[in-house]
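Engineer: Residue numbers (this note's numbering), protein chains in the order written: chain A, 1 to 117; chain B, 1001 to 1416. Supplied in structure tokens, the structure appears directly below.
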Amino acid sequence: MPEFTLMLRDTGEMFAKLGPAEIQSTIARYRAWFDRLATTGKLKGSHKLRDRAGRVVRRSGSQVMVTDGPFAEGKEVLGGLFIIDAPSYEAAVATVNDCPHLDFGSIEVREIEIMRT
Amino acid sequence: MNQLLDDLFRRTSGQIVATLTRILGARNLALAEEVAQDALIKALQLWPTEGVPANPSAWLIQVAKHRALDLLRREQWLADRAPMLAALDAVSHPPHADVHLRGEPSLPDDDQLAMMFLACHPILTREARVALTLKTVCGFGVAEIARALLSRDDAIAQRLVRAKRQLRDADVRFELGPDEYHARVDSVLDAVYLLFNEGYGAHAGDDLIRAELCDEAIRLASVLVEHSMTATPAVHALLALMLLQAARLPARLGASSDLLTLAEQDRSQWDRRMIARGLVHLNRSADGDTLTPYHVEAGIAVEHATAVSYAATDWRRIVELYDVLLDINPTPVVALNRAIAISRWRGAKAGLDAVNAIVRTGALRDYYLLPATLGELSRACGDEAAAGAHYRAALACRCSEPERRFIERRLAEVVP
């Protein structure tokens, strides 16, 4: 079965505007979505990436440049990663159709390529 | 999955803001709010995948505490950081997390009480007090406050910023002495009553959040009666009044969300438990020798809530109470309600005379209830043509959707 990564990105700005009750109900919606993935056996793994931290490493000429980031204002930043089993792109996209994250940012769905011998 | 209490985040947010404001000082209220928000957002990012912790509000408070400690260690501009750090370190377990449910009075909590008094500081306008109380004590978001108060997000956001700036400029203190609590409780009561009336005026056609305002107002007054410093007779009277009024809310709407008059309501739908609680507080409001408008209004509410039927209502007693109320609170709205009571007691003609006396003063010109009442009473006197004209005038005023439908229904009945 092919595996896909789901990359959840957001700017953080939408969350900041939520009131406490809205945050609580949003958590319930995320959990319902996550539980559905887990109980149907599709979920292979998930990672939440730490906010306000991170390094971007680049070579510039002969030097390796390390900058703090990515924190670009107003830009979507990767916040979480999921790996799921799905038979096709259609099926993978279907699992995120009802993901509450779509209210706050975007989800990039990519198939993980495996080298076949 | 771990089921969270409905209003856990609102309550915990209020607790964090209050505790941090005590430690950081009233001038840093905005910072306390920011820290509380950060803690809730952290839960939003972690709980979906990592699971809900065993004691959710203790978790949130710990996260807020660490975030505040980080901030304090970094921010050099904050004076007197050492005592703040010590006080923050002392914040361990929430005093009473997860124990109170919606509608139930919470345990005494001094920080919450002090926060109410800060949010209802007399230097703020009544509107600002209501908005700031909803934000900081009740844990409402800006968008929720705007929806509940029928305002715009940016207007509410501005109102909140201005209020916090005023508090900072005036350099007000967070904790008060017992005498100060006593002296300033009126400014809190005023805001609580305004909050209640905003909710009470809401109908099923409106956003559900408006009806929640009644619950919040009752909860806030319940906090005040839990503390000996603030449990004045006036507080008991206001709580009694709100409980007695709110008890009748379930019966106010008919099958198709149409407003029902007091005469049409099914009294078996009234909340007997709330009425009983109201009577307890009304009893306790009789301590001492102060008579506030809340006392008299609660007295009127009791007459309605305890009448076994509409026909059994003691209108004469209600008119007497309105006379007293008009004496201590002479407003045209009170006069209008008194006129309606007179019409029930001594007939439509007497009521019409009383309403016309208000019309002659030129008051309430844009208030739909004035022409609507004239319509009802004209009709009862047999003058359907006049009634029709009054109903049309009422429809030209601002009113809620169910109120408009109610008047349209009446108009259709007199105009064939």
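For glycine and all other residues, C-beta sits at the position ideal for the given N, C-alpha and C.
#1: Starting from Tyr89(A), find everything on chain B with Cβ-Cβ shorter than 8 angstroms and list it in chain order.
#2: Whose CA, out of Cys1399(B), Val1334(B), Ala1143(B) and Arg1410(B), lies closest to the CA of Glu1384(B)?
#3: Establish whether the CB of Glu1144(B) and some CB of chain A are separated by less than 8 angstroms.
#4: In terms of residues, what are the limits of the alpha helix (DSSP H) holding Val1188(B)?
#5: Compute the distance between the beta-carbons of Leu78(A) and Met7(A), then report whether it is under 8 angstroms.
#6: Where does Leu6(A) sit, in a helix, a strand or coil, going by DSSP?
#7: Using beta carbons (cut-off 8 angstroms, strictly below), is Gly1347(B) in contact with chain A?
#8: Name the one or two DSSP bridge partners that Gly105(A) has.
#9: In chain B, what lies closer than 8 angstroms to Ser46(A) by C-beta?
#10: Starting from Gly168(A), trace the beta strand (DSSP E) both ways and give me its first and last residue.
#11: Determine the DSSP secondary structure at Thr40(A), reduced to helix, strand or coil.
#12: Span of the beta strand (DSSP E) holding Arg58(A)?
#13: Is the CB of Glu3(A) under 8 angstroms away from at least one CB in chain B?
#14: For Leu6(A), which residues in chain B fall below 8 angstroms Cβ to Cβ?
#15: So Leu81(A) is in the beta strand (DSSP E); what residue range does that whole segment cover?
#16: Whether or not the segment 15-26 of chain A and the segment 1141-1157 of chain B are in contact is what I'm after, with contact meaning three or more pairs of Cβ atoms, one per stretch, closer than 8 angstroms; do they touch?
#17: Would Val1235(B) and Ala1217(B) be called neighbours here (beta carbons separated by less than 8 angstroms)?
#18: Is the beta carbon of Gly1278(B) sitting closer than 8 angstroms to the one on Leu1249(B)?
#19: Closest Cβ-Cβ distance between Phe71(A) and chain B: below 8 angstroms?
#20: Taking just the CA atoms, how far does Thr1125(B) sit from Arg1346(B)?
#21: Can you tell me the Cα-Cα spacing of Val1142(B) and Arg1010(B), whole angstroms?
#22: Does the beta carbon of Arg52(A) come closer than 8 angstroms to any beta carbon on chain B?
#23: Note down, in chain order, every chain B residue with its Cβ under 7 angstroms from the Cβ of Thr11(A).
#24: Under 6 angstroms Cβ to Cβ from Val1099(B), same chain only, skipping five residues before and after it: list those, please.
#25: Between Phe104(A), Asp98(A) and Leu81(A), which lies nearest to Phe4(A) when the distance is taken from Cα to Cα?
#26: Over what stretch of residues does the alpha helix (DSSP H) that includes Asp1353(B) continue unbroken?
#27: Using beta-carbon positions only, say whether Ala1393(B) and Pro1371(B) come within less than 8 angstroms of one another.
Structural biologist: Considering the structure as presented:
#1: Stepping through the first sequence from its first residue, residue 89(A) is reached at position 89. Within 8 angstroms Cβ-Cβ: nothing; Tyr89(A) doesn't reach chain B, min ~23 angstroms.
#2: Within the second sequence, numbered from 1, the residue matching residue 1384(B) stands at position 384. The shortest C-alpha separation from Glu1384(B) is found at Arg1410(B).
#3: Mapped onto the second sequence, residue 1144(B) falls at position 144. Answer yes: the Cβ-Cβ gap between Glu1144(B) and chain A drops below 8 angstroms somewhere.
#4: Indexing the second sequence from 1 puts residue 1188(B) at position 188. Taken as a continuous stretch (DSSP letters only), the alpha helix (DSSP H) holding Val1188(B) covers Pro1178 to Tyr1200.
#5: Counting from 1 along the first sequence, the entry for residue 78(A) is found at position 78. Counting from 1 along the first sequence, the entry for residue 7(A) is found at position 7. For Leu78(A) and Met7(A), yes; Cβs fall inside 8 angstroms.
#6: Translated into positions along the first sequence, residue 6(A) becomes position 6. Strand, per DSSP.
#7: For the purposes of this step, residue 1347(B) is taken as the residue at position 347 of the second sequence. It does not; no Cβ of chain A falls within 8 angstroms.
#8: Counting from one through the first sequence, the residue named residue 105(A) turns up at place 105. Looking at the DSSP assignment, Gly105(A) forms a beta bridge with Asp10(A).
#9: Working through the first sequence from its first residue, we reach residue 46(A) at position 46. Going along chain B in sequence order, the residues near Ser46(A) (Cβ under 8 angstroms) are Thr1049.
#10: This structure gives no information on residue 168(A), because the portion of chain A shown stretches from 1 to 117.
#11: Within the first sequence, the letter at position 40 stands for residue 40(A). Thr40(A): coil per DSSP, three-state reduction.
#12: Residue mapping note: residue 58(A) aligns to position 58 of the first sequence, counting from 1. Element bounds for Arg58(A): Arg55 to Ser60.
#13: Here residue 3(A) corresponds to residue number 3 of the first sequence, with the count starting at 1. Closer than 8 angstroms: no.
#14: What you label residue 6(A) is simply residue 6 of the first sequence in a count that begins at 1. Within 8 angstroms Cβ-Cβ: nothing; Leu6(A) doesn't reach chain B, min ~12 angstroms.
#15: The residue you call residue 81(A) lines up with position 81 of the first sequence. Element bounds for Leu81(A): Val77 to Asp85.
#16: yes
#17: To locate residue 1235(B), count along the second sequence from 1; it is residue 235. To locate residue 1217(B), count along the second sequence from 1; it is residue 217. Contact flag unset, no.
#18: Along the second sequence, read from residue 1 onward, the residue named residue 1278(B) stands at position 278. Along the second sequence, read from residue 1 onward, the residue named residue 1249(B) stands at position 249. Not a contact, by the Cβ cut-off of 8 angstroms.
#19: Residue mapping note: residue 71(A) aligns to position 71 of the first sequence, counting from 1. So, not an interface residue.
#20: As a position in the second sequence, residue 1346(B) is number 346, starting the count at 1. As a position in the second sequence, residue 1125(B) is number 125, starting the count at 1. When rounded, the distance between both Cα atoms is 41 angstroms.
#21: The residue given as residue 1142(B) occupies position 142 in the second sequence. The residue given as residue 1010(B) occupies position 10 in the second sequence. Straight-line Cα distance between these residues: approximately 13 angstroms.
#22: Here residue 52(A) refers to the residue found at position 52 when the first sequence is read from its first residue. Closer than 8 angstroms: no.
#23: As a first step, residue 11(A) is located in the first sequence; it is residue number 11 there, counting from the start. Near Thr11(A) there are no residues of chain B at all, since even the closest Cβ is about 13 angstroms away, more than 7 angstroms.
#24: Start at 1 with the first residue of the second sequence, and residue 1099(B) comes out as number 99. Legend: pLDDT at Val1099(B) = 43, less than 50; position of this residue unreliable, no value from coordinates given.
#25: Counted from its first residue, the first sequence places residue 4(A) at position 4. Ranking Phe104(A), Asp98(A) and Leu81(A) by Cα distance to Phe4(A) puts Leu81(A) first.
#26: Here residue 1353(B) refers to the residue found at position 353 when the second sequence is read from its first residue. That run of the alpha helix (DSSP H) goes Ala1348 to Thr1361.
#27: Your numbering for residue 1393(B) matches position 393 in the second sequence. Your numbering for residue 1371(B) matches position 371 in the second sequence. Against a cut-off of 8 angstroms, the Cβ pair of Pro1371(B) and Ala1393(B) comes out as a contact.
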